[in-house]
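These notes are about the structure you will find just below.
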């Protein structure tokens, strides 16, 4: 018996029939002897419809507190209906709002941060043999105002709940059957990743892979929550995202050791995560390719190469509330001791960031600021990349063969990112995917967009 | 300056335009220097749509706790949008759920009773110069579950909030411009009642008048909350429902005496209730005629006329959870000492009540039980009816002239009710209305159904 958190996005509960299917899955999991806590998003387009109503009433900018009050109606509907559907199948179920489930946040309406998670009522409900259903995306502030967690909020709710309940696994149900070696819409032969470390997933999410929200992955990493990303339309296993669990967590709640691998009697219904670290980690293992089309690039040209110059540029951008994606500064090779500082950032923030940097021009004395919208970013993610120069060599070679010019390069221990012209990006993804022999024999199945 | 609670039903907030109109009215009231707390129902058909979803998922009977969770999403949407619309007009506004507004109830999902009302946050919001918006219809149980107050719940919320805030008046906005001397759909010349006592309103509501829910009127009477029932489509005064306020309440919050009557400078925007009891109460004053088509009638025939017989019959009906409308037992005139006991009750409960009474047949030894569905009840309501036999005389005379047979009669201090064949009821209402010269010169304006 395991304790599972199952998260279903908006597309998984889009209508009454979809809710019934989710109920069947939850009941099946419950009837196999597991404790199941479910996290749901709002039904299908509910959030967009509510946002549209808000926009009609407040065309400029709806007040944040009231917008959160409005949007949280969405999960209230889906979770109550799901509880009813589960009870129809003969299993007791109770739904809980963010407040009732103990999702305590700060007061930042629309993008609240979790401060504490105290799911006492959820735990009591599971202990009583019922299914607990928790509203995703929502919390309550210290002064009892309703808050929402912002984009990716329901994933974050699920992971946070799994951490607080010490769940064996947090299953993220979506309309794709796992993480892929590349976006199947661009690389039809992309193959499903069966296992990946949480750090690699973090890099994938941070650099454009859209199935899991970065914030939820960060949360899962910090609290060592194993994730299982899988399709709500099939029983097939999806992608296991494995974490280095603290030793104590390897003990099951009854004191016995966690079994190695999965239960052979239920190969299609594995609920407990496989053990990580089974394969030797010395050879580089490519997990996949992430790409991102949402960025712009700013270059401050001819910056005096002296201590503090980069800090000033970055500080100026940060002071206007813009989050920076990559920062690249090469060594100064010019006789005049000048360098260029480039950074990538969300395209929508380009104008504000450029203005902030321009204000430094007099003090810092750089030559010019250049802004490029519509850049593309391709990131190769895998274990042991930095210690294996062959990987970068093969990657850059593949790009050269595909006649893709590399504008910037940035690397981490487990990631190599390049900036290209956005028009070259899809060709670049396909070329690198093929170069690393990631192509599967069959084409991937894609169902559409994902929920919040 | 006064403190007002304004309640808007579902038809008053049916769409974004309607919400904007409500916002304008609230802001106008606020800008005249009043403190305004607003209670809203769900938008238009939202509740029916949510009920329909629940019915699809749980065709038998949706679980009560989850149904309440579901339905309360409705007010969450309307109140957040209304708060936004008010802020758009430059007035600060905050919305509150039943829980946030301190609406504490018992655990009876779907028909919860208020146990305590502690609107501390609402009072703080008003003190800060903001408009407070409270979700009608909903509360929270001691164990922090979401509850709903059942039919008429939003009216009850408004009256309870007004009582707890010691508001000067609770304004009930609806799609009719007040209480009428009879249902304008049956008597087109029915005239609007300008002032009526709470006791008469109670009789009207209990005997079929549909604008105000009985429970809200009972609450208003117990806590001496003056009500003003008026149209959300016009600025005209509606019907003032006046209560005998405790002496202390005649003092305003600043210690000055409540002014007699209304402010002469704003004849169309009176907010403080006129003083009750200005007119001599010795002559009978007919308030209006209520009618009810939802009842059935049970008669236990040939009941032995001995102590305890009526108690047994009533007890049997009560034991199956059926609420009784009228009970009539005439004096025994038969030689055998037999009498008939008749009672009226909601038509839907007829079968259960008949079965319960039949079980008594052996012990009590009555001859038969007769059930009549589709009866009609007409009630004449007004002050001083019992002490003026002329009223009953004129009423029964008018019915006789209209060839309406009277099947049962029941009276209270301020009401005379007769049971007729349901097919005669509308004729009966018109005949009595005319006999008491209640007809107005113009036809009444009727807009449609009312919200919850």
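Residue numbers (full-length UniProt numbering), protein chains in the order written: chain S, 1 to 452; chain B, 1 to 452.
Backbone N, C-alpha and C fix where the C-beta goes; we use that ideal spot for every residue, glycine too.
- Taking residue 411/B as the centre and dropping the five residues before and after it, the same chain places the C-beta of 385, 386, 392, 417 closer than 8 angstroms to its C-beta, in chain order.
- The C-beta of residue 146/S comes closer than 9 angstroms to at least one C-beta of chain B.
- With a threshold of 9 angstroms between beta carbons, residue 65/B makes contact with chain S.
- Its chain contains 212, 214, 217 as the residues whose beta carbon lies nearer than 6 angstroms to that of residue 205/S, once the 5 sequence neighbours on both sides are disregarded; these appear in chain order.
- Look at residue 119/S: its C-beta is not under 9 angstroms from any C-beta on chain B.
- Under the Cβ criterion of 9 angstroms, residue 103/S is not counted among the residues facing chain B.
- In the displayed model, residue 20/B falls within a helix according to three-state DSSP.
- Of the residues 197/S, 436/S, 88/S, the one whose Cα lies closest to the Cα of residue 390/S is 436/S.
- The stretch 131-146 of chain S and the stretch 86-100 of chain S touch, with three or more beta-carbon pairs separated by less than 8 angstroms.
- For residue 241/B, the closest of 233/B, 235/B, 234/B, 287/B by C-alpha to C-alpha distance is 287/B.
- CA-CA distance, residue 352/B to residue 108/S, rounds to 55 angstroms.
- Contacts between residue 62/B and chain S, judged by CB atoms closer than 8 angstroms, involve 84 in chain order.
- Contact annotation: in the stretch 108-133 of chain S, no residue has its CB less than 7 angstroms from a CB in chain B.
- Within the DSSP secondary-structure output, residue 236/B pairs in no beta bridge.
- With contacts defined by Cβ atoms closer than 9 angstroms, residue 199/B and residue 290/B do not form a contacting pair.
- In chain B, no part has a C-beta under 7 angstroms from the C-beta of residue 204/S; the shortest such distance is about 35 angstroms.
- Interface criterion met: the Cβ of residue 19/S is under 9 angstroms from a Cβ in chain B.
- The alpha-carbon of residue 129/B is positioned some 17 angstroms away from that of residue 24/B.
- For residue 372/S, there is no enclosing alpha helix (DSSP H); the residue is part of the beta strand (DSSP E) that begins and ends at 368-372.
- The continuous stretches of beta strand (DSSP E) do not include residue 313/S, which lies in the alpha helix (DSSP H) extending over residues 309-319.
- Residue environment: residue 362/B is assigned as exposed (fewer than 16 neighbouring CB atoms within 10 Å of its CB, all protein chains considered).
- Our two residues, residue 110/S and residue 81/B, have alpha carbons roughly 16 angstroms apart in a direct line.
- At a C-beta separation below 8 angstroms, residue 58/B has these neighbours in chain S: 84, 85, 87, 88.
- Residue 343/B has its alpha-carbon roughly 55 angstroms from the corresponding atom of residue 34/S.
- For residue 173/B, the beta-bridge partners assigned by DSSP are 8/B, 230/B.
- Using beta-carbon distances, residue 25/S does not count as an interface residue toward chain B, since no partner is under 9 angstroms.
- Ranked by Cα distance from residue 303/S, the first of 188/S, 337/S, 297/S, 13/S is 337/S.
- Cβ-Cβ distances below 6 angstroms link residue 79/S to 40, 95, 133, 135 in the same chain, with the five nearest sequence neighbours on each side left out; the list follows chain order.
- Here residue 60/S is exposed: its Cβ has fewer than 16 other Cβ atoms, across all protein chains shown, within 10 Å.
- Minimum Cα-Cα distance from residue 137/S among the listed residues 399/S, 8/S, 296/S corresponds to 8/S.
- Any Cβ of chain B closer than 9 angstroms to the Cβ of residue 50/S would place that residue at the interface, and such an atom is present.
- The Cβ of residue 95/B sits closer than 9 angstroms to at least one Cβ of chain S.
- Closer than 9 angstroms to the CB of residue 72/B there is at least one CB belonging to chain S.
- Straight-line spacing of the CA atoms in residue 221/B and residue 180/B works out to 20 angstroms.
- Here the alpha carbon of residue 383/B sits roughly 34 angstroms from the alpha carbon of residue 316/B.
- Between residue 20/S and residue 85/S, the gap from beta carbon to beta carbon is short of 9 angstroms.
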